[in-house]
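Input: a single structure, listed below in structure tokens.
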Amino acid sequence: MSYVTQSRSALILVSLALGTLTLTACNDTDSGAPAPKEPAASASPAGDGGSKPSPKAKPSPTGGPASEEGVDGDVGMCRTQDLKYSIVVAVAGIDHALLTATNTTSEPCLLPANDLIVTIPGLDGAATHAGPTGANRGLKPGARAYAGILFAPGAAEDAGGHTATEADLALTAAETPTTVPVENGPVNINDMRVTSWFGTAEDALSF
């Protein structure tokens, strides 16, 4: 009987030992399992990452063509011989003519405002001033200025009047005049008036 009792006791001890080993193995297996992965951070929305492209610089406004009414720096006065002239009768019947002066030099100059001298060969006296008093006008190379000449109609030459096909003009009384043909002439005159210089032909012919 003692032998049987001992055998049973041994079996009980073995069973307890196996149970302990089984529990230990289970615990080890659980502790060795990989930890659950944390959810990956959501990707940042497109466009947030990186530096934003800098806005394009606005182009500098270009400058328009320089005005013929003004010139920069110290500019000398225009001389009569530095300019090219034309006189064209613009309004037939009343002998209203347009005088055009063009700067043919490579340098700008100032046109004297109210000193223009216009005379007719063989006719006494110079043209009187008409219209508003102007200011000295800057004339760039190649630029033009305009004045109006109003020939007061007179009797025809065969009736004792004076007929003109050309005029003499100078920018100032101190200069030697230059002779300019009158296009669309001749004109019958006994008097004449001349304006200051203007930037457009329309303004010059409005007085």
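Heads up, the sequence shown is in full-length UniProt numbering, so the first residue is 1 and it goes up one at a time. Here a beta-carbon is modelled for each residue, glycine too, at the ideal position from N, C-alpha and C.
Does DSSP put residue i in a helix, a strand or coil?
i    : result
D203 : helix
D82  : helix
W197 : coil
V75  : coil
T176 : coil
I94  : coil
L123 : coil
N184 : coil
I'd like to know whether the C-beta atoms of residue i and residue j end up nearer to each other than 8 angstroms.
i    : j    : result
A201 : L98  : yes
A101 : R144 : yes
T119 : A126 : yes
I87  : P153 : no
Rounded to the nearest angstrom, what separates residue i and residue j at their Cα positions?
i    : j    : result
E183 : T165 : 8 angstroms
L111 : D168 : 17 angstroms
P61  : I117 : Low per-residue confidence applies at P61: pLDDT is 31, beneath 50, and the placement is therefore not dependable enough to give any value.
G131 : T163 : 25 angstroms
G92  : F151 : Reading the sequence as shown, one finds Ala at residue 92 and not Gly. Computed Cα separation, rounded: 11 angstroms.
V71  : N190 : 38 angstroms
Y146 : S206 : 11 angstroms
E107 : Q81  : 14 angstroms
V187 : G122 : 14 angstroms
P177 : G199 : 23 angstroms
Quick check on this structure: which residue in the options has the alpha carbon closest to the alpha carbon of residue i?
i    : options                : result
L171 : F207, V88, T195        : T195
G138 : V88, N103, F207, H162  : N103
T105 : P141, P177, L205       : P141
V75  : T176, N136, V180       : N136
C78  : D115, M192, C109       : C109
Y85  : A173, T128, G148, A174 : G148
With respect to 7 angstroms, is the separation between the Cβ of residue i and the closest non-hydrogen atom of the ligand ZN below this value?
i   : result
L83 : The ligand ZN is absent from the structure shown, which contains no ligands of any kind.
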